[in-house]
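Q: Line by line, the protein sequences give chains W and V. Going by my numbering, the final residue of the first sequence carries number 171, and the count climbs one at a time with no gaps. Going by my numbering, the final residue of the second sequence carries number 206, and the count climbs one at a time with no gaps. By construction, the Cβ of each residue, glycine as well, lies at the ideal position given by its N, Cα and C atoms. As the structure is a computational prediction, the values presented were derived from the model and not from experiment. Let me give you the structure first, and then I'll get to my questions.
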Amino acid sequence: MRISFLIFWFFTGMTVLVTPLKENFGQVPTYSFEQFEPLINKKNDTTYVINFWATWCAPCVKELPDFERLNTKFDHKKLKVILVSLDFKRNKESKLLPFVEKNKLRSQIIHLYAPDANAWIDRVNPEWSGSIPATLIYNHNQRIFHEGSYTFDEMVTIIDKLITN
Amino acid sequence: MMNMKQMIFFIALFGVALIGNAQGYKVGDKAIDFQLLNVDGTMVSLADFSEAKGFIVMFTCNACPYSVAYEDRKIELDNKYAQLGYPVIAINPNDSTVQPKDSYSEMIIRAKEKLFPYPYLLDADQTIFKAYGATRTPHVFILNKEGEDLIVRYIGAIDNNHEDATQASEKYVEDAIEALLAGRLPKVDFTKAIGCTIKVKK
């Protein structure tokens, strides 16, 4: 049982590595904060854009196309976009997965199920009061956090700066 | 009489206090009263509640799923603590041109559907949420009457599980009120939670 799960995990993991921009096809893993935390602390040559959103959050949904556009604007070895959904657990099947499929989202999508938010919000960024949208753009030597919406151009400016540094 | 130096000092202090208010309240700050339109058509102020020992001021709304998830818990809090001197005062800070579901008429409908036992007020010119420093819905400020003042004694979430009240292991607001009722300061006086942005008029 455990081995077959590991094999499955290995191969699905491989698929993501080889073709990172393929549509998600309903493959949205649900993570605890502990499982998610390594993704906001990578120390490699890639710059990461981590956006916290939810299908019910109108300003979040409005800016999703901009995050998707980043995938085509930048080389995906240099930039990785991760959309972290904070949708309620009971809405994953009924709202999140249909939304991802309908909008053909190509960024990596994680469903973060971590209701005890007071325990982890500061670990993303101490400046974050907890409202969404919120976005962390980081690489191994700089972290820029923003609570609220970004324009596409604002993000591009920040990413350009991080990538060339 | 104040000499010049003292005068400058006081002006500077006042300036710092003003800047501090622009950031919203911190625990220990003095909160302002307000006069806001309730869903029953009356204007409500905290001063109207002469018997109250304090207030559970909650910035909340119709549209935000987090606010909705906490609706029953807000009602329970008021049922439990209004009679003990700490009524819930709900304030919708959102602009209805940005979020039509949070209009005054929609507030009236929601209040009737859920039979809110507490006032549900509209922060129509969006000055009160800014003065308090609310950044999301729901966002709770517990005020305690101390002498003539209303002092902020807790800022944050209602509990630590928005999705399932039975799974909440920390009941922040209840614990804070119980502490105040026992004449103590809340042990946990500041928490964070995920919530919806406040919809500001464009």
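Assign residue 104(W) to one of two classes, buried (16 or more other C-beta atoms within 10 Å of its C-beta) or exposed (fewer than that).
A: Counting from 1 along the first sequence, the entry for residue 104(W) is found at position 98. By the 10 Å Cβ count, residue 104(W) comes out exposed.
Q: State the Cα-Cα distance for the pair residue 36(V) and residue 164(V), rounded to the nearest angstrom.
A: The sequence position of residue 36(V) within the second sequence is 32, counting from 1. The sequence position of residue 164(V) within the second sequence is 160, counting from 1. Whole-angstrom Cα-Cα distance: 28 Å.
Q: Does any residue of chain W bring its CB to less than 9 Å from the CB of residue 196(V)?
A: Along the second sequence, read from residue 1 onward, the residue named residue 196(V) stands at position 192. Yes, its Cβ sits closer than 9 Å to a Cβ of chain W.
Q: Could you tell me the boundaries of the alpha helix (DSSP H) in which residue 106(W) lies?
A: Sequence index remark: in the first sequence, residue 106(W) carries index 100 (1-based). Residue 106(W) -> alpha helix (DSSP H) spans 103-108.
Q: Using beta-carbon positions only, say whether residue 29(V) and residue 108(V) come within less than 9 Å of one another.
A: On the second sequence, residue 29(V) is found 25 positions in, with the first residue counted as 1. On the second sequence, residue 108(V) is found 104 positions in, with the first residue counted as 1. No, they are not a contact pair.
Q: Can you look up residue 90(V) in the DSSP assignment and give me helix, strand or coil?
A: Walking along the second sequence from the start, residue 90(V) turns up at place 86. The answer is coil: DSSP assigns residue 90(V) none of H, G, I, E or B.
Q: For residue 41(W), name the three-state secondary structure that DSSP assigns.
A: One-based indexing of the first sequence puts residue 41(W) at position 35. Residue state, collapsed to three classes: helix.
Q: Output the distance between the C-alpha atoms of residue 70(W) and residue 161(W), rounded to the nearest integer angstrom.
A: For the purposes of this step, residue 70(W) is identified with residue 64 of the first sequence, where counting begins at 1. For the purposes of this step, residue 161(W) is identified with residue 155 of the first sequence, where counting begins at 1. Whole-angstrom Cα-Cα distance: 12 Å.
Q: Mind listing the chain W neighbours of residue 161(V)? Cutoff is C-beta to C-beta under 7 Å, in chain order.
A: Here the question's residue 161(V) lines up with position 157 in the second sequence. Chain W residues near residue 161(V): 124.
Q: List the residues of chain W that residue 199(V) touches, going by C-beta distances under 7 Å, in chain order.
A: Position 195 of the second sequence, counting from 1, holds the residue named residue 199(V). Simply 136 and 137.
Q: Just to confirm before moving on: does the CB-CB distance between residue 78(V) and residue 62(V) stay below 9 Å?
A: Translated into positions along the second sequence, residue 78(V) becomes position 74. Translated into positions along the second sequence, residue 62(V) becomes position 58. The answer is yes: Cβ separation under 9 Å.
Q: In the DSSP assignment, find the unbroken alpha helix (DSSP H) run with residue 69(W) in it and report its ends.
A: Reading the first sequence from its first residue, position 63 is the one you call residue 69(W). Segment 64-79, the alpha helix (DSSP H) holding residue 69(W).
Q: Alpha carbon to alpha carbon, how far is residue 153(W) from residue 141(V)?
A: The residue labelled residue 153(W) in the question sits at position 147 within the first sequence. The residue labelled residue 141(V) in the question sits at position 137 within the second sequence. Near 14 Å, if we compare the C-alpha coordinates of residue 141(V) and residue 153(W).
Q: Using a Cβ cut-off of 7 Å, pull out every chain W residue sitting near residue 66(V), in sequence order please.
A: In the second sequence, the residue the question calls residue 66(V) occupies position 62. Going along chain W, no residue has its Cβ under 7 Å from residue 66(V), so there is no contact; the nearest lies around 13 Å.
Q: With respect to the beta strand (DSSP E) encompassing residue 153(V), which residues constitute its N-terminal and C-terminal limits?
A: The residue labelled residue 153(V) in the question sits at position 149 within the second sequence. It spans 153-160 - the beta strand (DSSP E) in which residue 153(V) sits, taken as one unbroken run.
Q: Check residue 55(V) in the structure and name its three-state DSSP category.
A: Numbered from 1 along the second sequence, position 51 holds the residue referred to as residue 55(V). Residue state, collapsed to three classes: coil.
Q: Three-state secondary structure (DSSP) at residue 103(V)?
A: To locate residue 103(V), count along the second sequence from 1; it is residue 99. DSSP places residue 103(V) in coil when its eight states are reduced to three.
Q: Excluding five sequence neighbours on each side, which residues of the same chain lie with their C-beta closer than 6 Å to the C-beta of residue 203(V)?
A: The count along the second sequence starts at 1 and reaches residue 203(V) at position 199. The answer, listed in chain order, is 98, 99, 102 and 103.
Q: Nearer than 8 Å: is that true of the beta carbon of residue 147(V) relative to any heavy atom of the ligand FMN?
A: In terms of ligand content, the structure shown is empty, and the ligand FMN therefore cannot be addressed.
Q: Check the Cβ of residue 92(W) against every Cβ in chain V and list those closer than 8 Å, keeping chain order.
A: For the purposes of this step, residue 92(W) is taken as residue 86 along the first sequence, with counting starting at 1. Within chain V, the residues near residue 92(W) are 198.
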